[in-house]
Ligand SMILES: [Zn+2]
């Protein structure tokens with residue numbers, strides 16, 4: 001906990017060499033000998049800081065500094081936070097650049113300290129750095145964003161969670177949020193999974209022309225080899241009123257994608273080559289399909305198919321309780 005400790009300060013300035021080795025001075029700009037206050041971190045680093053800056057940044061510090069400080073002009077404040085945390089927190093207070101935080105544990109400590117010292121504006125600044133971790137640790141970031149009541153961050157993290165199977169995944173940060181908000185995340189995830197995987201089912205397609213590029217000459221529709229070993233198996237009506245029948249090898253790809261999207265509805269998961277292997281192998285049996293299948297399928301995946309999946313997911317709303 002926070003405490004003002006003038007005795008320790010007196011001791012530190014008059015101590016023996018072995019005593020002074022126990023703590024060291026922070027790097028610039030927190031090494032200013034003209035500063036009125038010393039914040040000593042839990043790992044014994046002394047931050048020389050200006051009273052006015054701390055008072056403006058935090059009502060907790062402001063109140064502390066209005067209390068009688070004894071007979072010294074340079075009170076020492078013992079902090080329970082470590083030096084890395086104090087350093088970042090102070091950089092948010094000072095007119096200086098704040099480094100990008102690459103350690104989520106450190107960012108969590110900075111945010112906790114900002115809460116403790118009642119620094120809402122700094123908390124808002126710091127929480128933006130949660131997005132540095134959103135791709136690798138989306139569930140943790142969702143929970144932290146919800147904990148700090150940051151809707152935009154929570155929604156961004158929820159979308160990143162789509163690339164992961166949430167069932168069976170636990171992170172400690174879940175302890176910070178309500179069961180209701182976690183339930184809403186799971187529900188959002190499931191609804192996105194249903195909406196995205198539906199796009200792989202032809203009879204569910206509203207806009208077949210656009211999604212399956214029925215008017216362009218994709219080889220899975222327009223292979224004219226009568227001896228093509230891959231049959232035309234299912235038809236869709238194009239906008240010109242005519243039916244287009246599609247090669248069964250194309251459905252091998254759609255089946256593989258459906259299996260992914262129902263549990264992990266993320267566009268970035270539909271591109272790996274592994275999902276196309278069965279389709280390419282079958283297409284390779286036909287001299288018309290073979291030279292074009294990879295290019296046509298690739299154009300389809302990174303073009304209209306990805307766009308439609310994104311649109312379907314973006315229509316799903318995540319309602320949060322804060
Ligand atoms: Zn063919």
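In our numbering, the protein residues as written are 1 to 322.
Cβ coordinates follow ideal geometry from the N, Cα and C atoms, glycine included.
Since this is a predicted model, take the numbers as computed values, not measurements.
Residue i to residue j span [Cα, whole Å]
i           : j           : result
residue 306 : residue 198 : 13 Å
residue 48  : residue 23  : 13 Å
residue 308 : residue 281 : 26 Å
residue 253 : residue 265 : 16 Å
residue 157 : residue 151 : 10 Å
residue 110 : residue 83  : 11 Å
residue 133 : residue 240 : 48 Å
residue 319 : residue 184 : 7 Å
residue 257 : residue 60  : 54 Å
residue 267 : residue 192 : 11 Å
residue 317 : residue 95  : 39 Å
residue 286 : residue 251 : 16 Å
residue 278 : residue 293 : 12 Å
Range covered by the beta strand (DSSP E) that runs through residue i
i           : result
residue 244 : 243–247
residue 221 : Unbroken run through residue 221 is the alpha helix (DSSP H), 219–222; no beta strand (DSSP E).
residue 47  : 45–49
residue 39  : 37–40
residue 76  : 76–78
Residue of the options minimising C-alpha distance to residue i
i           : options               : result
residue 41  : 26, 50 and 32         : 26
residue 147 : 268, 168 and 180      : 180
residue 315 : 251, 276, 258 and 196 : 196
residue 283 : 317, 247 and 303      : 247
residue 46  : 52, 31 and 36         : 31
residue 117 : 237, 255, 57 and 51   : 57
Alpha helix (DSSP H) segment containing residue i, residue limits
i           : result
residue 237 : Careful: residue 237 lies outside any alpha helix (DSSP H), inside the beta strand (DSSP E) at 232–237.
residue 168 : Element bounds for residue 168: n/a, residue is neither H nor E.
residue 141 : 138–147
residue 63  : 59–66
Integer-rounded CB distance, given that residue j should sit under 8 Å from residue i
i           : j           : result
residue 107 : residue 78  : Residue 107 to residue 78, Cβ: 23 Å. No contact.
residue 230 : residue 289 : 7 Å
residue 296 : residue 219 : 5 Å
residue 153 : residue 141 : 7 Å
residue 86  : residue 39  : 6 Å
residue 173 : residue 135 : With a Cβ gap of about 16 Å, residue 173 and residue 135 do not count as contacting.
Residue i at chain C interface by Cβ criterion, 7 Å
i          : result
residue 64 : Checking the listed chains, one finds no chain C in this structure; it contains a single protein chain.
Worksheet item: Which runs of the alpha helix (DSSP H), 4 residues or longer, sit entirely within the segment 286–322?
Response: 290–300 and 306–314
Worksheet item: What residue ranges within the segment 76–135 form continuous alpha helix (DSSP H) runs of no fewer than 4 residues, ordered along the chain?
Response: 83–93, 104–116 and 120–127
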